[in-house]
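Peer 1:
Residue numbers (the numbering used here): 4 to 287.
(1) Out of 268, 244, 45 and 260, which has the shortest C-alpha to C-alpha gap to residue 124?
(2) Which class does residue 30 belong to by DSSP, given the choice of helix, strand or coil?
(3) Assuming residue 191 and residue 36 are in contact, meaning their beta carbons sit under 8 Å apart, how far apart are those beta carbons, in whole angstroms?
(4) Over what stretch of residues does the alpha helix (DSSP H) that includes residue 89 continue unbroken?
(5) Considering just the uninterrupted stretch of the alpha helix (DSSP H) at residue 41, what are its terminal residues?
(6) At what residue ranges does the stretch 232 to 279 contain a whole run of the alpha helix (DSSP H), taking only runs of 4 or more?
(7) Using beta-carbon positions only, say whether residue 250 and residue 156 come within less than 8 Å of one another.
(8) Which residue marks the beginning of the alpha helix (DSSP H) containing residue 161, and which one marks its end?
(9) Whole-angstrom Cβ separation of residue 214 and residue 116, contact assumed at under 8 Å?
(10) Alpha carbon to alpha carbon, how far is residue 107 from residue 70? Give it in angstroms, no decimals.
(11) From residue 1 to residue 83, what does the alpha carbon distance come to, in whole angstroms?
(12) Determine the contact status of residue 164 and residue 111, defining contact as a CB-CB distance below 8 Å.
Here it is as structure tokens:
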């Protein structure tokens, strides 16, 4: 019943982006595709407890969510990256004051098809793959197949994080980019589906999307470090090298209904949902 309401409300708010602003009993949330399943799970449980209130959750990428917040067409933006200085500047020009709330942690999984014999890679090897310097799986001990690179589109916070922390190895002065041959897909699920059906493919997404149809690669910081799996335990203890925080952004400190929803997300019940959707809680 509540999933149906969420779907219907999503259609209404898509057709009329100012719906949330005009209805004091509703919240419009947009943004990160990594977080969309988590956001929907929060919304469903919240509406079960608050039957007179409605929460619509749609994806589109972190950039889309932040853009919607800046244009005042949503109440909350979900983002898998920090807001950029230029976005803050644009927001202030429009009278919007982005307020950051860390709500979960995530490990980015690098995945291949289960038929691929390659099972562990260093950050440097990943950087060489995704920038196009390594082009064949046989260079990594795999089969003689051309590597098919899958990436999220440029508006994705996951894309930005992977580029900054893997391709550029955290160096703010680096200019490395994804290989021109990389296929840019619109969602994490699209990457998951392509990897499941393509034995030569490699992609990345939030570890909550891992299923038996993909094989997560064990990753090491360098050749001397241990190879670690993308697991909740390894994100919490800091061993897995591709981890990040997940955020909600509001216009100023949350108030009234938005505050009530954010408080729910950070409550024990809300953080239990974080754990159930394969992310890492930020509070106990």
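Glycine is no exception: its CB is placed at the ideal position from the N, C-alpha and C atoms.
Peer 2: Concretely, from the data shown:
(1) For the purposes of this step, residue 124 is identified with residue 121 of the chain shown, where counting begins at 1. Checked all of 268, 244, 45 and 260; the closest Cα to residue 124 is 244.
(2) As a first step, residue 30 must be located in the chain shown, where it is residue number 27. DSSP places residue 30 in strand when its eight states are reduced to three.
(3) Start at 1 with the first residue of the chain shown, and residue 191 comes out as number 188. Start at 1 with the first residue of the chain shown, and residue 36 comes out as number 33. Right, their Cβ atoms sit about 5 Å apart.
(4) In the chain shown, counting from the first residue as 1, residue 89 sits at position 86. Element bounds for residue 89: 88 to 96.
(5) Taking the first residue of the chain shown as 1, we reach residue 41 at position 38. If you look at residue 41, you'll find it in the alpha helix (DSSP H) that goes 36 to 52.
(6) 235 to 239, 259 to 269 and 271 to 279
(7) Your numbering for residue 250 matches position 247 in the chain shown. Your numbering for residue 156 matches position 153 in the chain shown. Not in contact: residue 250 and residue 156 (Cβ atoms no closer than 8 Å).
(8) Position 158 of the chain shown, counted from the start, is the residue given in the question as residue 161. Taken as a continuous stretch (DSSP letters only), the alpha helix (DSSP H) holding residue 161 covers 160 to 165.
(9) Here residue 214 refers to the residue found at position 211 when the chain shown is read from its first residue. Here residue 116 refers to the residue found at position 113 when the chain shown is read from its first residue. Incorrect: roughly 12 Å between the Cβ atoms, too far for contact.
(10) Counting from one through the chain shown, the residue named residue 70 turns up at place 67. Counting from one through the chain shown, the residue named residue 107 turns up at place 104. Residue 70 and residue 107: Cα-Cα distance of roughly 21 Å.
(11) No statement about residue 1 is possible, as the shown extent of the chain runs from 4 to 287 and does not include it.
(12) Taking the first residue of the chain shown as position 1, residue 164 is located at position 161. Taking the first residue of the chain shown as position 1, residue 111 is located at position 108. Contact: yes.
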